[in-house]
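A short worksheet on the structure shown next.
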Amino acid sequence: MASLSAGPSLTCSAAVTVTLAALSMLPHSHLSLAVPTEHSWLPDDEPVTILGPVQPQDSEVDAKWTRNDLNSTSKIKTQAETNLLPEDITKNPVERDPGASPATPPSTDEVTEDTTEQGAKDTQEGNGTQGDPAGSNPEMRLPGNVKPLHYVIKLQPFINGNTSVHGFMEVEIEVLERTQTITLHGDKMDCDMNSVKLVASDKKRIVLDSIVIDYRQQFMVIRLNSTLEANRRYNLSMSFNYYLLEEPKGAFKTQFTNSAGMLSAVASTLLQPVYARRAFPCFDEPGLKATFDIHIAREKHMSAISNMPLLDTTPMEGQEGWVVDRFNTSVPMSTYQVAFVVSELGYLNCTMQRDVQIRVWARPELLPLTTYAQALVPRLFKFLEDYLGVPYPLPKLDIVTLPSSFPIAFEAWGLILNYDENVILYDAETSTQEHKTKLATLLAHELAHQWFGNLVTPFWWTDFWLSEGFASYFATLALREVEPSWKMEERMILKTLHEVFRHDGLLNHPALRIPMFNPSDPHGAFSRITYQKGESIIRMMNGFLTEDSFRKGIVSFLRAKKYKTATSDDLWHHLTLQAHLDGTLSRDMSVKGLMNTWTLQVGYPVVKVVRSPDGTSANVTQKLYLARGPFDRNDTLDHKWWIPLTYTSQGEADFSRTHDITWMKDSEDSITITNLPPKDQWVIFNLQETGYYRVNYDDHNWDLLTQQLKNDHRVIDVKNQVQLVDDVMNLGVAGDLSFRVVLDLINSLKNTTDLNGFVVISNLEYMNLMLSSTPIYEKFQRFLLSLLAPLYANLGLSNGAPSTFGSHVEYPEVVRWACEFGHPDCIARAKSAYKQLMKDPENSSRIPEVLKPTVLCTAIARGGPNEWAFAWSRYLKAPEKEKQKYLVALGCTRDSLIRDQFITETLGKSHYLPITDAMYIINSLSSHPLGGPTGWTFLQSHWDVVTNTIGDQYYFIKVLLEMATKSFNTEEQRLKVQEFLQCHVIDEATTRFLKPVVSQTARNVAWMHRNYEVISQWLDENGFSDINI
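The numbering of the sequence shown is the working numbering, which starts it at 7 and goes up by one.
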């Protein structure tokens, strides 16, 4: 899956972070600052026993799925074998989680019917699970006493009617342990309990005792009157119905207006991670692979596609205008990989790759905008097949762009689904290079999933970095090959490695291999860490194993585990065998021993290199990097890593020696490196920044590197140039390095590459926030503008009188900071664009979408009441997806009266404002000079209203307070925050929870105490007191 978007789970809201980027991915909460929170939708008496069938609604046509329509499972199953590679015509055993305990077989005594609540609870306990998800089964795992072999799924979605779906499911299961219960998943659907049947392989029907529905764990527990013996097979079947959802969390509906002006409906799916149970009853765990026969009923004027090619189409008996599409039997796959689309979309064929049919689907009128995707996919496909040495096993691949705007995509086997229509569409005349790169990266990522995730699937969600990390890594690798001019590896360092460094250094997330998967918050397995840290440490492995050994080990892993599931240990095993065979890893070392220190621990190290007085040796130490310095100090996190040290020096300047490794063990606090050059020559560690760690040096070595960048930056590899910039700035912010060293190195970059400038601006946020209300802010702006001016000039904006921004601005962050720091041309263009918008409000498309936040904020900040009033009117009228941009921009005003009016009109009067919008307002105000106190003052004055509304959801209170005080950096402000909380927060647990709010201000105060005078003096000494840009 490509996306970090997360929505609320079944029973609790998704976590909210304090960044606008994270907030933008949250749906509007129904919690407002004037309305109490609603209770959970879960019934109080769950689990309950369902006694009777669920009747279909009168408005629906009766579905015609019956048991008699089914072919024999055993006959159908043989068709799947033709889809496998020749050596794979074998059983697909379920691989048991090595950490899971075996299920205890229940008693074989006769069970009498018990339809009470207590009986339901007893059934769960006998089935190896508990009703309380926080109890002995917090991951809500199935008991593991049976495994599925083959499903037949029949679905009839009434997408042009009442959006109901009628379905039938039959699954062949094998009993692994003697049992009197069968537990499977079902969620948000009604099952006809009278239709539930269990039949043995000899056609003998097994008598059922009762069926228990566990709403919280989403289990259907079938209790039997007899015991099922191990190693025997049975067929379980049932009918069910549900309604299509409005968002991609199961089977859902979207629609578009066709060329005739009529609404056209689309039914599709997104079943990852735990939503297959909303599409059909099933054993919804990734380790339980099976083959599938999919049947989709549709109206004749529509089309249906699924994972496999169409086998046949037959009229639907008794329903005029309906047909049933039956698809070929699938290869073994997990339930979450099942997918279908029913629509009136059109398609174009790509160039055939081998004998694989590749098609791109979209709204018919938009198909011409898919030409780049059509040309790119076969090239990516060929690279992945050639590199991985394992042919793509399916006869077709469909790539569908759905008419929706959910910022995600999904890699169903044989059917890639993109849920944001604009991403796949590319217009050579108007689309930016950034958009083209995003499109290509998404397609490459989802294609790589056909091997990593589909062919080999992580056994459980805790290991899903194996899927997402490898898909991300091979997307970069593939695009580096097919689009060499894009310099994808440099882009990966800036957009992936450096971004995840900033996130991972906060230590507020689980390790890469998450310790536990929470189905109530399933998107925790798909965080930035999963994707970006996963890709980064895979790149590091490629570095220390060598490209050749790494590739051979990966191919061995894929071939051994294809159509099966795998854990991290399986990967380590194959890479270790290959590295030992090739001699790239000592026989007394294993990849598991090395990499467990990177996958099982949060954060990453900073390596400190302190050279001897003569320079010829260095003492090298490692410690956990703390992005917030001593305020992150946690004595329980005494982490150490196996670190692959690589280095070069000024005399040789050989940056290709990424495989020449000196290992620093996780048991070593320090090591000594010898044979270094004299003290007048620099050394650089972490060549091409292949290692997942930062590097700090003694001040003398930093001075030598700064001088080199100033004299001739080309001597240093560009990847290490951006490493130096990113490391020096973040080490300075964390308190590990004097800001004099930081500013000297930044100042040496003026005549280097634009990439270095991009690294600088990506790290400006905190420094700017701290200095924005100080007397030296104008000097600081002048300094930064001296670096930004060349970057801005290189954007290629038209010369002459400023009018507006063109559509090809590739680096919106450059424009943002240029306007923020007062670049005259940038401000003039933003104000001009805003005036045009005021004249023609309905034609906002003339402002590039990526620059809209900058244009709105700049015009409001440097405008007056009229500009603010226009934005306010647009906010009130704008569609939901546009409201957020205006809400954030309204907080950019520099007028104190308008700020007070803004917060009064929104937070002060609103009876409907979602809590997420309240966060946007507070965050926007506190992100700009003089705005922070406004939000803080409001929270103080309305504390009772805020806390009564939010109730015991302390996380939201904490986030609001952190946002409101994030710019506070004086001792006076720290004391005020501390005194207020002491007076108004009495409960000990709440006090402990809100402690980070005070710590944040204390950290800011310490940062200012440590750095303010140093920065001020440096700016004066370097002439930024009276420079005009």
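All C-beta atoms, glycine included, are put in the ideal place defined by N, C-alpha and C.
- Per DSSP, the beta-bridge partners of residue 355 are 365.
- Contact between residue 151 and residue 190 does not hold, since the beta-carbon distance rounds to 11 Å and is not under 8 Å.
- Taking one beta carbon from each stretch, the stretch 470–488 and the stretch 302–317 have fewer than 3 pairs nearer than 8 Å; the two do not touch.
- A direct Cα-Cα distance of roughly 11 Å separates residue 761 from residue 820.
- Residues of the same chain with a CB within less than 6 Å of the CB of residue 708, apart from the 5 flanking positions on each side, are 747 in chain order.
- Straight-line measurement puts the Cα of residue 934 at about 20 Å from the Cα of residue 840.
- Runs of the alpha helix (DSSP H) spanning 4 or more residues and lying entirely within the stretch 838–882 occur at 858–867, in chain order.
- At a Cβ-Cβ threshold of 8 Å, residue 375 and residue 433 count as neighbours.
- Annotation: the continuous beta strand (DSSP E) that includes residue 416 extends over 411–418.
- Taking the Cβ atoms as the reference, residue 563 lies roughly 4 Å from residue 580, within the contact range of under 8 Å.
- For residue 1025 against residue 786, the beta-carbon gap comes to about 7 Å, under 8 Å, which counts as contact.
- Residue 925 and residue 965 have their C-alpha atoms roughly 8 Å apart.
- Two segments are said to touch when three or more pairs of C-beta atoms, one from each, lie closer than 8 Å; by this definition the stretch 731–745 touches the stretch 766–784.
- The stretch 410–427 and the stretch 329–346 touch, with no fewer than 3 CB-CB distances between them shorter than 8 Å.
- Under the DSSP assignment, residue 274 falls in the beta strand (DSSP E) whose first and last residues are 269–276.
- Every beta strand (DSSP E) stretch that sits fully inside the stretch 609–681 and reaches 3 residues is listed by chain position as 611–617, 624–630, 649–651, 653–655, 668–670, 676–679.
- Judged by beta-carbon spacing, residue 145 lies within the 8 Å limit of residue 525, meaning their Cβ atoms are closer than that value.
- Where residue 303 is concerned, the enclosing beta strand (DSSP E) starts and stops at 297–305.
- Pairing residue 464 with residue 279 gives a Cβ-Cβ distance that is not under 8 Å.
- With at least 16 other beta carbons inside 10 angstroms of its own, residue 187 counts as buried.
- Between residue 677 and residue 626 a beta carbon distance of about 5 Å is seen, short of the 8 Å cut, so the two are scored as contacting.
- Residues of the same chain with a CB within less than 8 Å of the CB of residue 738, apart from the 5 flanking positions on each side, are 744, 745, 747, 748, 1017 in chain order.
- Separation of residue 412 and residue 512 (C-alpha to C-alpha, rounded to the nearest whole angstrom) is 28 Å.
- When secondary structure is reduced to three states using DSSP, residue 231 falls in the strand class.
- Between the stretch 261–268 and the stretch 240–250, the count of C-beta pairs closer than 8 Å stays below three; the two stretches do not touch.
- Counting the other CB atoms within 10 Å of its CB gives residue 371 a total below 16, which places it among the exposed residues.
- Taking a cut-off of 8 Å for Cβ pairs, the stretch 541–550 and the stretch 288–301 do not touch, as fewer than three such pairs fall below it.
- Two segments are said to touch when three or more pairs of C-beta atoms, one from each, lie closer than 8 Å; by this definition the stretch 617–626 does not touch the stretch 587–607.
- The beta carbons of residue 551 and residue 590 sit closer together than 8 Å.
- The DSSP-derived three-state label of residue 529 is helix.
- Within its own chain, the residues whose Cβ lies closer than 7 Å to the Cβ of residue 906, once the five positions on either side in sequence are excluded, are 940, listed in chain order.
- For residue 154, the enclosing beta strand (DSSP E) stretches over residues 152–163.
- CA-to-CA, the gap between residue 881 and residue 220 works out to about 44 Å.
- Proximity to residue 756 across 795, 690, 894, 849 peaks at 795, based on C-alpha coordinates.
- Between the alpha carbons of residue 631 and residue 705 lies a gap of roughly 19 Å.
- Taking the C-beta atoms as reference points, residue 449 is found nearer than 8 Å to residue 383.
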